[in-house]
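Encoded as structure tokens, the structure appears first; notes follow it.
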Amino acid sequence: MIVAAGSGVRAGGTVPKQFAVVAGRPMLVHAVAALQAHPAITDMIVIVASDQVTLAREVLADLNDVVTIVIGGTTRRDSVANGLVHLNDADRVLIHDAARPFVPASVIGAVVDALSTCDAAIPVMAVVDTLARGESEDGATWLGDVVPRDALYRVQTPQGFRVGPLRAAHAAWPGDEEATDDGQMVRRLGGRVAFVQGDPMLDKVTHSDDFAAAEARAPRETRTAMGFDVHRLETGEELWLGGIRIPHDKGLSGHSDADVALHALTDALLGTIAAGDIGTHFPPSDPQWKGADSAQFLQHAARLIADKGGRIGFVDLTIMCEAPKIGPHRGAMTARIAELLHLTPDRVSIKATTTERLGFTGRGEGIAAQAVATITVPTSSSGAQG
Ligand code: MG
Numbered sequence: 001m002i003v004a005a006g007s008g009v010r011a012g013g014t015v016p017k018q019f020a021v022v023a024g025r026p027m028l029v030h031a032v033a034a035l036q037a038h039p040a041i042t043d044m045i046v047i048v049a050s051d052q053v054t055l056a057r058e059v060l061a062d063l064n065d066v067v068t069i070v071i072g073g074t075t076r077r078d079s080v081a082n083g084l085v086h087l088n089d090a091d092r093v094l095i096h097d098a099a100r101p102f103v104p105a106s107v108i109g110a111v112v113d114a115l116s117t118c119d120a121a122i123p124v125m126a127v128v129d130t131l132a133r134g135e136s137e138d139g140a141t142w143l144g145d146v147v148p149r150d151a152l153y154r155v156q157t158p159q160g161f162r163v164g165p166l167r168a169a170h171a172a173w174p175g176d177e178e179a180t181d182d183g184q185m186v187r188r189l190g191g192r193v194a195f196v197q198g199d200p201m202l203d204k205v206t207h208s209d210d211f212a213a214a215e216a217r218a219p220r221e222t223r224t225a226m227g228f229d230v231h232r233l234e235t236g237e238e239l240w241l242g243g244i245r246i247p248h249d250k251g252l253s254g255h256s257d258a259d260v261a262l263h264a265l266t267d268a269l270l271g272t273i274a275a276g277d278i279g280t281h282f283p284p285s286d287p288q289w290k291g292a293d294s295a296q297f298l299q300h301a302a303r304l305i306a307d308k309g310g311r312i313g314f315v316d317l318t319i320m321c322e323a324p325k326i327g328p329h330r331g332a333m334t335a336r337i338a339e340l341l342h343l344t345p346d347r348v349s350i351k352a353t354t355t356e357r358l359g360f361t362g363r364g365e366g367i368a369a370q371a372v373a374t375i376t377v378p379t380s381s382s383g384a385q386g
């Protein structure tokens, strides 16, 4: 059960915090995907405010068949109570806050395991910093007494419960009193709540500064993909190669400017996010790409990667031809590609080879190019990491 009914809006944002994008996806979607990917989780309930149902269905479109969306109440406790109605015959439930987008599989497993011997289990982190009270005087705050930290823990979610004791706690709770969380409710009713090891990944995203921190700790995976392209050399054409114009007696022919190196590189980048190939995005049958500057194809691929929260780490290009000589142009090509991809030049490798006068490249009939791109991208399921 994911509680996502809050109305707090990220500073400068327009949607409630749980729908704000971190690492390429709304926080709620990260949490749903991580929990859904864990084998111990069989059903999911997402609790949202009544005016968030449409938005929730929209962002969870890929997960709608595994998620039941339930409308929350005015307090967190009311929201959980509404969710409890939809539990059917489940005997164990995990309750999670959508403001903790990254849920390690290890924590889910530890909470679920603990429920075989306890009514409830919650992930906690020992407090490691020295804690001190602040004392107000003369309009400022000054150092006060140290608060012993050895018995203090930071409480996280997902919190796990046997459904019976949780329902009993909700039924018996005084209607006029708010509860910090369900763990406290079960404890008040005499239940024992076990501690399991929490994880810094689960830190809550509350203030606007927390978004940058969450972005930085998002679980990322490395992807590498290849691209390959060939174009024919013909007289009467300009030679565009690696994003620059090279004086030569022949040029590459094709529908666009036929920059074979940028095309191979574009395909490698598209490959890292499994987004098809250059022809998928810029069909040669479409007249608008006639004579087009291939730089825009490369930039389009880079934009698609950025939209997924991806970061290009390195690109490597091999150009195969007898002529022209690539060496004298390598610096200009490197600078242009680095500029187009917003990379430092040490992340752009350009190599060239002849094919020993063999084949179409050896006979000077065409130029071939091969590219490899490496990126990192937020893992599509942060639960899959562990
Ligand atoms: Mg091409």
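Just so we're aligned, residue 1 is where the sequence shown starts under the working numbering, counting upward by one.
Glycine included, C-beta positions come from ideal geometry on N, C-alpha and C.
Give the C-beta separation of residue 56 and residue 48 to the nearest angstrom, bearing in mind that I take them to be a contact with Cβ-Cβ under 8 angstroms.
Indeed they touch by this definition, with Cβ atoms about 5 angstroms apart.
So residue 227 and residue 23 are in contact, right, with Cβ under 8 angstroms, and what is the actual spacing, rounded?
Contact flag wrong, Cβ pair sits at about 25 angstroms.
Between residue 229 and ligand 1, is there a pair consisting of the residue's CB and a ligand heavy atom that are separated by less than 8 angstroms?
At least one heavy atom of ligand 1 is nearer than 8 angstroms to the Cβ of residue 229, so yes.
Helix, strand or coil, according to DSSP, for residue 340 in the structure here?
Helix at residue 340.
I'd like to confirm the pairing. Which residues does DSSP put opposite residue 320 in its beta bridges?
Under DSSP, residue 320 forms a beta bridge with 353 and 368.
If the criterion is Cβ atoms closer than 9 angstroms, does the pair residue 340 and residue 299 meet it?
Yes. Within cutoff.
Excluding the 5 residues preceding and the 5 following residue 99 in the sequence, name in chain order all residues of the same chain whose CB lies nearer than 8 angstroms to its CB.
Excluding positions up to five away in sequence, the list reads 6, 17, 18, 27, 204, 205 and 206.
Residue 376 (DSSP reduced to helix, strand or coil)
It is a strand residue.
Under 8 angstroms from any heavy atom of ligand 3, does the C-beta of residue 47 make it?
In terms of ligand content, the structure shown lacks ligand 3 and carries ligand 1 instead.
Restricting to Cα atoms, I'd like to know which of 127, 173 and 240 is closest to residue 329.
Comparing Cα positions, the closest option is 240.
Rounding to the nearest angstrom, what Cα-Cα distance links residue 295 and residue 123 in this structure?
Looking at the two C-alpha atoms, the distance is approximately 49 angstroms.
Whose C-beta lies closer than 6 angstroms to the C-beta of residue 271 among residues of the same chain, with five residues either side of it excluded?
Result list for residue 271: 225, in chain order.
Please report the straight-line C-alpha distance between residue 67 and residue 21, rounded to a whole angstrom.
Taking the straight line from one Cα to the other gives about 20 angstroms.
Inter-residue spacing [alpha-carbon to alpha-carbon] between residue 383 and residue 8:
Because residue 383 sits at a pLDDT of 39, beneath the cut-off of 50, its placement in the model cannot be relied upon, and the point is left open.
Evaluate residue 75 with the Cβ neighbour count: other Cβ atoms within 10 Å of its Cβ, from every protein chain shown; 16 or more gives buried, anything less gives exposed.
Under this definition residue 75 is an exposed residue.
What is the C-beta distance between residue 165 and residue 191, in whole angstroms, given that I count them as a contact (C-beta under 8 angstroms)?
Rounded to whole angstroms, the Cβ separation of residue 165 and residue 191 is 5 angstroms, and the two are in contact under 8 angstroms.
Rounded to a whole number of angstroms, what is the C-alpha to C-alpha distance between residue 386 and residue 220?
Annotation note: pLDDT 34 at residue 386 (below 50); position unreliable, no value reported.
Host beta strand (DSSP E) of residue 123 (start-end)
120 to 126 is the span of the beta strand (DSSP E), which, as asked, contains residue 123.
From the DSSP output, read off the bridge partner residues of residue 131.
DSSP, once it has assigned bridges, lists 147 as partnering residue 131.
Could you check whether the Cβ of residue 251 sits closer than 8 angstroms to any heavy atom belonging to ligand 1?
Distances between the C-beta of residue 251 and the heavy atoms of ligand 1 are all 8 angstroms or more.
Coil, strand or helix - residue 313 by DSSP
Looking at residue 313 - three-state DSSP - the assignment turns out to be strand.
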